[in-house]
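> Sequential numbering of the sequence shown, starting at 1, is according to UniProt numbering.
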Amino acid sequence: MRTYRFNQLADVTEGHILKNIMPGEHLTYGGLAFEKPGARAHTNDGPGGIDYHVHEDCEAFLILQGKGEVEIDKTHFYPVKTGDVVIIEPGEDHHLISSVEDPIVVLWCHAGPTRNKNQI
1 MRTYRFNQLA DVTEGHILKN IMPGEHLTYG GLAFEKPGAR AHTNDGPGGI DYHVHEDCEA
61 FLILQGKGEV EIDKTHFYPV KTGDVVIIEP GEDHHLISSV EDPIVVLWCH AGPTRNKNQI
């Protein structure tokens, strides 16, 4: 896992906003999530309902509002807040935990060599 602040992102006018910190020519998929207070993302969504969530590529979390923690490999917990950019490395079991007092709004995305199917 790597962390940045929004103001550390490159001033880009071509390609995607994360191209200097995340591999992949194009943003391939993602979404916007309004997490419930105290929610832990991806709980028990692994194969057979196990509590395990990994990707073969990097994933970025852009914390747009709120605060919470990122849990990595069930042993490391890192605080996050508005303005943080978190890059999850391939193979890291990861879960975003939303604060009870100030729930997280997060933009998440993956990047890859080709555009999203809706852009082709």
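Ideal placement from N, C-alpha and C gives every residue a C-beta, glycine not left out. Just so you know, these numbers come straight off a predicted model, no measurement behind them.
Mapping the DSSP letters down to three states, classify residue 68 as helix, strand or coil.
For the purposes of this step, residue 68 is taken as the residue at position 68 of the sequence shown. Residue 68 falls in the strand class under three-state DSSP.
> Taking the beta carbon of residue 56 as the centre, do at least 16 other beta carbons fall within 10 Å, making it buried, or is it exposed?
For the purposes of this step, residue 56 is taken as the residue at position 56 of the sequence shown. That one is exposed.
> Identify every run of the alpha helix (DSSP H) within the stretch 4–91, keeping only runs that are complete inside it and at least 4 residues long; order them along the chain.
Runs of the alpha helix (DSSP H) inside the stretch 4–91: none found.
> Would you report the Cα separation of residue 92 and residue 8, rounded to the nearest angstrom?
The residue labelled residue 92 in the question sits at position 92 within the sequence shown. The residue labelled residue 8 in the question sits at position 8 within the sequence shown. Approximately 23 Å between the Cα atoms of the pair.
> Would you mind sorting residue 31 into buried or exposed? The rule is 16 or more other CB atoms within 10 Å of its CB.
The count along the sequence shown starts at 1 and reaches residue 31 at position 31. Burial call: exposed.
> So the beta strand (DSSP E) residue 100 belongs to, where does it begin and stop?
By 1-based counting over the sequence shown, the position of residue 100 is 100. First-last for residue 100: undefined, no H or E at that position.
> Determine, using beta carbons only, whether residue 110 and residue 52 come nearer to each other than 7 Å.
Start at 1 with the first residue of the sequence shown, and residue 110 comes out as number 110. Start at 1 with the first residue of the sequence shown, and residue 52 comes out as number 52. No; because the gap between Cβ atoms is not below 7 Å, this pair is not in contact.
> With a threshold of 8 Å on Cβ separation, who are the neighbours of residue 114 within its own chain once the five nearest residues in sequence on each side are excluded?
In the sequence shown, residue 114 corresponds to position 114, counting from 1. So the qualifying residues of the chain are 25, 26, 28 and 120.
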